[in-house]
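In my numbering, the protein residues as written are 619 to 960.
Presented below is the structure to which this report refers.
Below, the structure written as structure tokens:
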């Protein structure tokens, strides 16, 4: 049972034995490989192809010297190719927990199918490919599992899609987009991602490691939502003036002063922009705008992502969140103006 040769030699030995064994039909050929050369699984796979019918092994390869065949890897390799191994690994984390408790040996974070990082991508290009692959799967275009860098669906072993992408200094906009969308329901325009990703990367480099979703979210909030600056929305009222006209009266804190502003426009946003133009005494235009619900139900919050441009054509994004869509829009305008003045 000591692994002494390459897997193909082992398979040749199995094939020779089965072909020359008298009354072969009355025998079950069982394989008992060890991992001395690091190819115990490969040897067993080729041994099955060569005519063997049964596999002997242990959970996660525990055994003498370098260990026995890892039954988990062997079975999940078969599963990934559409062969039912007749073993259930749908709660892999519990299997890991029991194994570690009984053996007092921790499972490596990169242990195939069971380690903490086996479905995790930190690289920006990998994250982007996974994101696009998941979108393809969710579209229902094909029943086959075809997601780059994920040999199986993580849910088959009790995992989740959210675990596949984690962010550190190697990550790009794809990883940041995945975290914001899957943890917080925020889908950012590409232009905002291009602006925000380097900020996340700088935070990660300063921190020296992985950024948890909550840290990424707080970074986003401080950069685009709760933006420090001279302006703060205190109160407002919007009234319909006619078929295509609305007026806005708002109370704004400017530095240490409270200022009443008013404006008229084709809608609430246009009216508020015109009111702020009067206060700022310079032109502002809405260059980009999107608004959608972050969740469902009577207390659902709306998020508004809006960009303004100044007279030189510079674009500044701001984000507002509120249960009231108009309030969310006004907050995004204030955030964008504050970002302009930073």
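Built from N, CA and C at the ideal position, the CB exists for glycine as well.
Given the structure is predicted, the values throughout are model-derived calculations rather than measurements.
Exposure of residue i, with buried meaning 16 or more beta-carbon neighbours within 10 Å
| i | result |
| --- | --- |
| residue 877 | exposed |
| residue 642 | exposed |
| residue 712 | exposed |
| residue 844 | exposed |
| residue 866 | buried |
| residue 663 | buried |
| residue 731 | buried |
| residue 819 | buried |
| residue 745 | buried |
| residue 627 | exposed |
Span separating the alpha-carbon of residue i from that of residue j
| i | j | result |
| --- | --- | --- |
| residue 880 | residue 957 | 22 angstroms |
| residue 786 | residue 739 | 10 angstroms |
| residue 875 | residue 953 | 18 angstroms |
| residue 718 | residue 680 | 11 angstroms |
| residue 807 | residue 924 | 10 angstroms |
| residue 737 | residue 694 | 14 angstroms |
| residue 636 | residue 671 | 11 angstroms |
| residue 710 | residue 752 | 22 angstroms |
| residue 649 | residue 655 | 16 angstroms |
| residue 926 | residue 933 | 6 angstroms |
| residue 790 | residue 646 | 53 angstroms |
Where residue i sits in the DSSP three-state scheme
| i | result |
| --- | --- |
| residue 718 | helix |
| residue 706 | coil |
| residue 925 | strand |
| residue 818 | helix |
| residue 846 | coil |
| residue 652 | strand |
| residue 687 | coil |
| residue 701 | coil |
| residue 931 | coil |
Sub-8 angstroms separation of residue i and residue j beta-carbons
| i | j | result |
| --- | --- | --- |
| residue 853 | residue 868 | yes |
| residue 678 | residue 688 | yes |
| residue 668 | residue 621 | no |
| residue 675 | residue 774 | no |
| residue 748 | residue 768 | yes |
| residue 940 | residue 919 | yes |
| residue 870 | residue 850 | yes |
| residue 624 | residue 652 | no |
| residue 935 | residue 810 | yes |
| residue 886 | residue 864 | yes |
**Prompt:** Going along the chain, which unbroken runs of the alpha helix (DSSP H) with 4 or more residues stay wholly within the segment 725-773?
**Reply:** The DSSP assignment places 742-756 as complete runs of the alpha helix (DSSP H) inside the segment 725-773, in order along the chain (cut-off: 4 residues).
**Prompt:** In chain order, which continuous runs of the beta strand (DSSP E) of length 3 or greater are located wholly inside the segment 882-907?
**Reply:** With a minimum length of 3 residues, no continuous beta strand (DSSP E) run stays inside the segment 882-907.
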